[in-house]
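This note's numbering applies: residue 28 is where the sequence shown begins, and numbers increase by one. Structure first, commentary second.
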Amino acid sequence: MLTAIGWLDPGVVERWRRGQIDCIESAVQTSLPRILEALTLLQSWAAERGLSPTQADYVARTPQRQTLRFSRSGDPAIEARYRTRWVSPELPEKKRERLIAEASRAPELVVVRPLENAWTCHRCGGSGDFLMMENPGPVCLRCMDLDHLEFLPAGDALLSRRVKAKSTTFAIVVRFSRSRRRYERQGLLVEPQVLSDVQRELGAQRRGDPAG
Ligand SMILES: [Zn+2]
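Laid out in structure tokens, this is it:
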């Protein structure tokens, strides 16, 4: 809403999402009382229309997945006001649940498999087979605390889906296609232990043995 009325630059929101800005209030282009007034107006507008409040989680697009902060104070009551989303009670229950789940889902990490290995991590000067993009430049997996992950090439959809569901940390791997001029999915970076567990489970199932 703050973006729609021009008080907040969309680029700022993107940087906040990546954990590069401390809190929204420090970046908003208006005074704090005006923001709180706007939130109050939104609340009464929603109440008049019988919309029900739901709380969405906002999680950073970083390996640490930290909860993002809106206010300078971090006061739980104020944070709750910012995180509130208003949903029409006329929506079917299932659809409401899905909307809330989607709004709260942590954004997926994206890792690039570079076409050439001649690149330098802007933090440590190192390099590697994978990188993540930050504002100042590419970063290696060690600096992002992701170097314990293992590459799982795309191809076995069921395996990928299960490993992804069980991994606390995972990243989507993409590579730029020169001919198609866009990034294409190559597979996932996943936790090696989860990968071997799921491979064993699936192997047993596919052979028709009881799992375990
Ligand atoms: Zn590095």
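Just so you know, even glycine gets a beta-carbon here, dropped at the ideal spot from N, CA and C. Since we're looking at a predicted model, the values are computed, not measured.
- Contact residues of ligand 1 (beta-carbon closer than 5 Å to any heavy atom; chain order) are C148, R150, C151, G153, C167, C170.
- V200 places its beta carbon less than 7 Å from that of Q213.
- A contact between stretches requires three or more CB pairs, one per stretch, nearer than 8 Å, and the stretch 85-96 meets this requirement with the stretch 42-59.
- Inclusion of L215 and F197 in the CB contact set at 7 Å is warranted, their separation being smaller than that value.
- The beta carbon of Q56 sits closer than 6 Å to those of W34, all from its chain and outside the five residues before and after it, given in chain order.
- Between the alpha carbons of M171 and K193 lies a distance of about 21 Å.
- Around the C-beta of L158, 16 or more other C-beta atoms lie within 10 Å, and the residue is accordingly described as buried.
- Taking 8 Å as the upper bound for CB-CB distance, V225 and V190 are in contact here, some 5 Å apart.
- Rounded to the nearest angstrom, the Cβ distance from A181 to I127 is 30 Å, too far for a contact under 8 Å.
- Membership of P180 in the beta strand (DSSP E) is indicated by the continuous run 177-180.
- Every beta strand (DSSP E) stretch that sits fully inside the stretch 114-140 and reaches 3 residues is listed by chain position as 136-139.
- Beta-bridge analysis with DSSP links Q82 to T111.
- Straight across, the Cα-Cα distance linking T30 with D36 is about 6 Å.
- The DSSP-derived three-state label of S53 is helix.
- Contact between N162 and Q47 holds: CB atoms are separated by about 7 Å, below the 8 Å threshold.
- Distance from the CA of L142 to the CA of E124, rounded to the nearest whole angstrom, comes to 41 Å.
- Of all C-beta pairs linking the stretch 105-120 to the stretch 69-79, three or more are shorter than 8 Å, placing the two stretches in contact.
- In the DSSP assignment, S223 falls outside any beta strand (DSSP E) and within the unbroken alpha helix (DSSP H) covering 219-234.
- Positions of the beta strand (DSSP E) runs, each at least 3 residues long and wholly inside the stretch 143-200, are given as 158-160, 165-167, 177-180 in order along the chain.
- Here R209 carries a strand assignment [DSSP, helix/strand/coil].
- Put simply, of C148, N144, Q232, S131 the residue whose alpha carbon is nearest the alpha carbon of R202 is N144.
- The beta carbon of D174 is closer than 7 Å to those of L168 in its chain, skipping five residues each way along the sequence.
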